[in-house]
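Visitor: Structure in structure tokens, see below.
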Amino acid sequence: MTATLLLIQALNGLQFGLILFLIAAGLTLVFGVMDFINLAHGVQYMVGAYLVAAFSAWTGNFGLALLLALPTALAFGLLLEVLIFRHLYDRDHLDQVLATFGVIVFLNQAVKFIWGAAPLNVPVPEIFSGSIEITDGLLYPVYRLVIIAAGLAVALLLYVLVSRTRVGMLVRAGATNPQMVSALGVNIQRLFMVVFGFGAMLAGFAGAMVAPILSVEPGMGDNILILAFVVIVIGGIGSIRGAFLAAILIGLVDTVGRSFAPNILRFFLDPATASQTGRAVAPMLIYIFMAAVLFFRPSGLFPAKR
Amino acid sequence: MNLTIKCLGFAAAMGLAASPALAQEKLKVGLVLTLSGPSAVLGQQARDGFQLAVKDLGGKLGGRDVDVIVVDDELKPDVAVTKVKGLLERDKVDFVVGPIFSNVAVAIQKPIVDAKTFYISTNAGPSNLAGKSCSPFFFATSYQNDQNHEVLGKVAQDRGYKKVYLLAPNYQAGKDALAGFKRHYKGEIVEESYVPLNTLDFQSELAKIASMKPDAIFTFMPGGMGVNLVKQYRAAGLADRIPFLSAFTVDESTLPAQQDAAVGMFGGSNWAPNLDTPQNKTFVKDYEAAYNSVPGSYSMHAYDAALLIDSALKATGGKTEDKDALRAALKKADFKSLRGDFKFGTNGFPIQDFYLVKVAKRSDGKFQTEIEEKVFDDYTDAYAKECAATN
């Protein structure tokens, strides 16, 4: 029984990790390639969720809504880049943090103004609405497996894009030495724009995929942004591979740790203290994990080589 | 010359203060509610409920024209205190009505009571305001916070559930909720699980619940957390096997998002939209017509708060200066509450009935909670005896 519970929690952790990866992938590229701290990246996740909510209410079809939401999220990311972020690349990090924080506040209020403060509901697409019984008494929604599959597919696609294509090569080069790339005649401005738009679209995709299982509400991107930063710091800034591994690790540590910390502590402590300490320790686990990783590898698991 | 003007001005000011014509002046009521952030919908419900009552009373309370000043506390106690001071000192309000959240309620108590202004809570009922820190200027048209949780504890006990799984967010109100549940429930608690505030994915909790197979779960998951928990609980196939007892988790503020997933789940409340009194039927119909959503208890409490002020001012002839007379009039609660039986206890909290409510889909496709059974009759909160105030 504990083995099946562990398996289920591992699946949950994997799914959570893949969502984190979709957000962190864009964040680590923007941070790594452009040396730009974009706090508003979490907002892109929220925007993706709202777009899919709006489009699926309009079309009545989740697949179609997703197809419409992705280019819109891309366009929205590019719009933000042109209007705001482009003017911040040469500023120092504090200015970037302040300005992008302003974007968060503005967009959180904007979605509330347009869609209201109450959480929105996005129906799970009909074909994936079933569930399979993994263990006695617990149904596992098929849609969550779809999220896992989609996350893995996007990770593979990103791997191919970054390591096998010309644009990917430029992105990797840009993460290592942007001045040199620019000196070699690459339009770095356009490269930045491509990376930025793509990152925004990935975050939007993550938001769109979770919309049917989580509630779509203002500020939903704010908490996940912190975790995304943890992921890119552990993974090594600028590294897609690092972000992928770190995201899966964080997902697993958080989910499995939360579920089993009290059980494990019971070996050392009496049950009441164990469950109380377990509750206190579980939320800290990912940060303890981050501290441990940074102690042994201060620039993350897979730092972009400089 | 200059001196004359000053003297004249002074005389005028004195004259105004002593003027018997004060009753002609507009009554001022400050509404302090959370109107931004993820919980804004609760504040909107309360605001709409209060304004509907003022409209139904012909734009007057106790025969006086009324000026309702709405401020957003942003769910930040420090912001709330600043705004409340503005209401008291600049606007000179006669009543402060609100707020939604207990941390805000505790923070704004002192400035309001120090200004000898009446404070009517339309939702928050923290234990200290009901007990040790109660005040003769404080009245609640809602409940003491623990009471809704106690309803579910009593139900779990009466239905003979042997093992219950408890789930709440890890902050003060979450801990209070579980303590409230345990006041009447004496069976085994298989797990007391606290998740971080603003958790949106409960899949790992659900796996634990499925593996422990309790007779029921009790949870307190307000707002967006509750929306997710309910949808995921249903999707995991647990809703048909393990009864879902909750407080502030399935109500009219969250049902528009939970929809079918919540049908059949239980909550505890002092009222439900289908409560069978003539005033309540009219209220629900008018509210839905005006705001295109089903009212929750937040609206009902605010509506009642306006009725309460109206009834008290009618008794004092519209006067607010004599605080003792006004207090006595408020305390009588001489109005027809939408929830039926209503009177104030010694601590300014209502003595009222509590019900087990169940989510149902109406024939028009909207969702609401409906009364399943009465659990407590004329129920007083557990802290009233700690209140020494003589109001």
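Protein chains in written order, with this note's numbering: chain A, 1245 to 1550; chain B, 1269 to 1659.
Glycine residues also receive a C-beta, built at the ideal position from the N, C-alpha and C atoms.
Treat the numbers as computed from the prediction; the structure is a model and nothing was measured.
For the stretch 1330–1350 of chain B and the stretch 1302–1314 of chain B, state whether three or more C-beta atom pairs, one from each stretch, are separated by less than 8 Å.
Guide: These segments touch.
Visitor: If I measure Cβ to Cβ from N1371(B) and keep anything under 7 Å in the same chain, skipping five residues before and after, which residues do I get?
Guide: P1345, listed in sequence order.
Visitor: What residues from the stretch 1449–1463 of chain A come within 9 Å of chain B, judged by C-beta to C-beta, listed N to C?
Guide: For the stretch 1449–1463 of chain A, which is checked against every Cβ of chain B, the residues closer than 9 Å are V1454, P1456, I1457, L1458, S1459, V1460, E1461, P1462, G1463.
Visitor: Using three-state DSSP, classify P1437(B) as helix, strand or coil.
Guide: Three-state result, P1437(B): strand.
Visitor: Counting only Cβ pairs nearer than 7 Å, list the residues of chain B close to P1502(A).
Guide: According to the sequence displayed, residue 1502(A) carries Arg and not Pro. Within 7 Å Cβ-Cβ: S1472.
Visitor: For L1264(A), go through chain B and note every residue whose CB falls closer than 8 Å to its CB, in chain order.
Guide: Those within 8 Å of L1264(A) in chain B number zero; the least Cβ separation is about 11 Å.
Visitor: From L1356(B) to F1442(A), what distance separates their C-alpha atoms?
Guide: For L1356(B) and F1442(A), the distance between alpha carbons rounds to 52 Å.
Visitor: Given a cut-off of 8 Å on the beta-carbon distance, is the pair K1296(B) and D1362(B) in contact?
Guide: Result yes, Cβ atoms of K1296(B) and D1362(B) sit closer than 8 Å.
Visitor: Under a Cβ-count criterion, where at least 16 other Cβ atoms within 10 Å of its own Cβ denotes burial, should A1319(A) be classed as buried or exposed?
Guide: That one is exposed.
Visitor: For V1309(B), go through chain A and note every residue whose CB falls closer than 7 Å to its CB, in chain order.
Guide: The contacting residues are A1361, A1362.
Visitor: Tell me, please, whether the CB atom of N1507(A) is closer than 8 Å to any CB atom in chain B?
Guide: No - not a single Cβ of chain B is within 8 Å of the one on N1507(A).
Visitor: Going by DSSP, what residue range makes up the beta strand (DSSP E) through Q1620(B)?
Guide: That run of the beta strand (DSSP E) goes 1618–1629.
Visitor: Would you tell me roughly how many angstroms separate the C-alpha atoms of F1199(A) and L1273(A), rounded to the nearest one?
Guide: Nothing in the structure corresponds to residue 1199(A), since chain A is present only between 1245 and 1550.
Visitor: Please check the pair V1352(B) and A1574(B), which I expect to be a contact at CB under 8 Å, by giving their CB distance rounded to whole angstroms.
Guide: Wrong, their Cβ atoms sit about 19 Å apart, outside the cutoff.
Visitor: Could one say the Cβ of R1523(A) lies closer than 8 Å to chain D's Cβ atoms, at least one of them?
Guide: The structure shown contains no chain D; its protein chains are A and B.
Visitor: Please classify I1494(A): is it buried, with 16 or more other beta-carbons within 10 angstroms of its beta-carbon, or exposed?
Guide: Burial call: buried.
Visitor: Just by C-beta distance, which residues in the stretch 1430–1464 of chain B are closer than 9 Å to chain A?
Guide: From the stretch 1430–1464 of chain B, only N1438, E1459, E1460, S1461, Y1462, V1463, P1464 have a Cβ closer than 9 Å to chain A.
Visitor: Going along chain B in order, which residues have a C-beta closer than 9 Å to the C-beta of L1383(A)?
Guide: Within chain B, the residues near L1383(A) are A1478, A1503, A1504, G1505, L1506.
Visitor: Check whether the Cβ atoms of V1627(B) and M1533(B) sit closer than 8 Å, and answer yes or no.
Guide: Result yes, Cβ atoms of V1627(B) and M1533(B) sit closer than 8 Å.
Visitor: Any idea what DSSP makes of K1360(B), helix, strand or coil?
Guide: Coil.
Visitor: Could one say the Cβ of P1306(B) lies closer than 8 Å to chain A's Cβ atoms, at least one of them?
Guide: For P1306(B), the answer is yes, since a Cβ of chain A falls inside 8 Å of its Cβ.
Visitor: Tell me whether W1302(A) is buried or exposed, calling it buried when 16 or more other Cβ atoms sit within 10 Å of its Cβ.
Guide: By the neighbour-count rule (16 or more Cβ atoms within 10 Å), W1302(A) is not buried but exposed.
Visitor: Any idea if Q1288(A) is buried or exposed, counting beta-carbon neighbours within 10 angstroms, 16 or more meaning buried?
Guide: With 16 or more other Cβ atoms within 10 Å, it is buried.
Visitor: Is the stretch 1336–1347 of chain A touching the stretch 1427–1447 of chain A, taking contact as three or more C-beta pairs under 8 Å?
Guide: No: the two stretches stay apart, fewer than three of their Cβ pairs being nearer than 8 Å.
Visitor: Which of the residues in the stretch 1474–1505 of chain A, read from start to end, lie with their CB under 7 Å from any CB of chain B?
Guide: Correct list: T1499, R1502, S1503.
Visitor: A1281(B): buried (16+ other C-beta within 10 angstroms of its C-beta) or exposed?
Guide: Because the pLDDT of A1281(B) is 46, which lies under 50, any placement of that residue in the model is unreliable, and the number read from its coordinates should be weighed accordingly. Flag for A1281(B) reads exposed.
Visitor: Please classify R1502(A): does DSSP put it in a helix, a strand, or coil?
Guide: DSSP places R1502(A) in helix when its eight states are reduced to three.
Visitor: In whole angstroms, what is the alpha-carbon distance linking G1286(A) and P1367(A)?
Guide: Answer to the nearest angstrom: the Cα atoms are 23 Å apart.
Visitor: So that I know if they touch, is there some Cβ in chain B lying closer than 8 Å to that of N1305(A)?
Guide: By this cut-off, N1305(A) is not an interface position.
Visitor: Assuming Q1377(B) and L1397(B) form a contact by the criterion Cβ under 8 Å, report the distance between their Cβ atoms to the nearest whole angstrom.
Guide: Confirmed, about 6 Å.
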